[in-house]
Amino acid sequence: MVIQVELADRTVGYGETLPRPYVSGETVDTVIESIRNLLLDELLAFRPAHFPEALERIEALPAQDESGRVITAARAGVELALLDAYSRHFQKPLSEALGWLGLPAFGSPGSMNQVRYSGVLSGGDRRRLKRRVRMMRCYGLRDFKLKVGYDDDPDRVRAVADALGRSLSRTTTLRLDANGAWTLDQAVDRLSALARLPIRCIEQPLGKANDGDLFALKRAVDIEVMHDESLVTFADAERLVRLGLADAFNIRISKNGGFLAAVRLAHFARKNKVAYQLGCMVGETSILSAAGRKFLENVPGVAFAEGSYGRFLLAGDVVDRPVQFGCGGKVKPLPGPGWGINVSPRLLQHHARAGPIELPL
724 MVIQVELADR TVGYGETLPR PYVSGETVDT VIESIRNLLL DELLAFRPAH FPEALERIEA
784 LPAQDESGRV ITAARAGVEL ALLDAYSRHF QKPLSEALGW LGLPAFGSPG SMNQVRYSGV
844 LSGGDRRRLK RRVRMMRCYG LRDFKLKVGY DDDPDRVRAV ADALGRSLSR TTTLRLDANG
904 AWTLDQAVDR LSALARLPIR CIEQPLGKAN DGDLFALKRA VDIEVMHDES LVTFADAERL
964 VRLGLADAFN IRISKNGGFL AAVRLAHFAR KNKVAYQLGC MVGETSILSA AGRKFLENVP
1024 GVAFAEGSYG RFLLAGDVVD RPVQFGCGGK VKPLPGPGWG INVSPRLLQH HARAGPIELP
1084 L
């Protein structure tokens, strides 16, 4: 979903969100409902005289509705559009938002000089997985994530490890992502079978409703657990740290409520000695990828980065020059105010599955 905000002086800002029912409980329809019935009222009060005032109003956008239902995806889309619009309107770089937040050690250059984007491997037989790993290695990628949750998980993991060869744990890394597909017994069995491999971490091994079973999993298997679907709101982060279950966080801008919310999560993680990575939503356009790039420009200590796939994954995009990582997963900062991209109305209309919903203020 692409959200466009137009200010009274015709300045336009763009945001993007990808609601996933299994993540935040939201759908396209509920996001539209949240914007109409809750966030629209918030926008009616927007009359900032300067950028800090705009940031104050933007950060105050709710992440839950009056019933307590999470609306982080809806909030993210609106927040990103407002940040883009007001950054352009006041001609202030988004890096000034980090100064306004007052987070020590946050700001340029962030993690731009250390982190590289990862290659993500999903389904396919072992032969295909090995071929894809070799292709990605030829492109210079050094960090890899393999989706698991299949009957032949151990064989698929070993195939990827074989393809990486002696580089694994020296110059390359491998982490796994189960998307909550395993039961506790499956997680123990499959991770135990892979105990000799240098797996960096397992992302969301159990469903988010089964976080309590992580105590037993961590007693049985010595491996770092990264939280994804279990980490939607700031309250989730506080709960996981309080329980002693927070090894690492997968921070995704659309999932976690927007750019400012994601930055605050990273600061909380850093303060509590929890590792964190920048995640992405599969199928995101260059709008979300650009927001992710700005995150890397301003947030230190990011362990891994995902996204910025551009035309590697998409058949088309909403910008003329897609935001896409280069050889070796390397990227450069995006210049200018806002997200540093220019969304093409022509391309946006071309790729839209439905006409725009206009909400005059």
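Residues 724 to 1084 in this note's numbering are what the sequence shown spells out, letter by letter. No residue lacks a Cβ here, since even glycine has one placed at the ideal position from N, Cα and C. As the structure is a prediction and not an experimental result, all values here were calculated from the model.
- The Cβ atoms of S977 and G830 do not sit closer than 9 angstroms to each other.
- For Y809, the enclosing alpha helix (DSSP H) has its first and last residue at 795 to 812.
- Going by beta carbons, H950 and F972 fall inside the 9 angstroms limit.
- DSSP lists V1066 as the beta-bridge partner residues of V1042.
- CA-to-CA, the gap between L852 and L891 works out to about 16 angstroms.
- Taking C-alpha positions only, D1043 is separated from L1037 by approximately 13 angstroms.
- Only buried fits P928, as 16 or more other CB atoms lie within 10 angstroms of its CB.
- V754 and P744 do not touch by the CB rule: their CB atoms are close to 11 angstroms apart, not below 8 angstroms.
- The DSSP assignment places 849 to 861, 876 to 887, 907 to 916 as complete runs of the alpha helix (DSSP H) inside the segment 846 to 934, in order along the chain (cut-off: 4 residues).
- Distance from G1061 to S747 at the Cβ level is roughly 25 angstroms; contact not present, criterion being Cβ atoms closer than 8 angstroms.
- Note: V948 is bridge-paired with I925 in the DSSP secondary-structure output.
- By the 16-neighbour rule on beta-carbons within 10 angstroms, V1005 is exposed.
- Look at the beta carbons and you see the segment 812 to 828 touching the segment 771 to 789: at least three pairs across the two are nearer than 8 angstroms.
- Where E765 is concerned, there is no enclosing beta strand (DSSP E), although the alpha helix (DSSP H) around it starts and stops at 763 to 767.
- Distance from T734 to A808 at the Cβ level is roughly 6 angstroms; contact confirmed, criterion being Cβ atoms closer than 8 angstroms.
- With the rule of 3 Cβ pairs closer than 8 angstroms, the segment 931 to 948 does not count as touching the segment 749 to 764.
- Counting the other Cβ atoms within 10 Å of the Cβ of Y873 gives fewer than 16, which makes it exposed.
- In the DSSP assignment, E729 falls within the unbroken beta strand (DSSP E) covering 725 to 729.
- The beta-carbon separation of N1021 and L821, rounded to 5 angstroms, stays under the 8 angstroms limit for a contact.
- Under the DSSP assignment, F957 falls in the alpha helix (DSSP H) whose first and last residues are 957 to 966.
- By the CB criterion at 9 angstroms, D866 and T895 fall inside the cutoff.
- Here L1011 is buried. Its C-beta has 16 or more other C-beta atoms within 10 Å.
- Per DSSP, A1014 lies in no beta strand (DSSP E) segment; the continuous alpha helix (DSSP H) that holds it begins and ends at 1009 to 1021.
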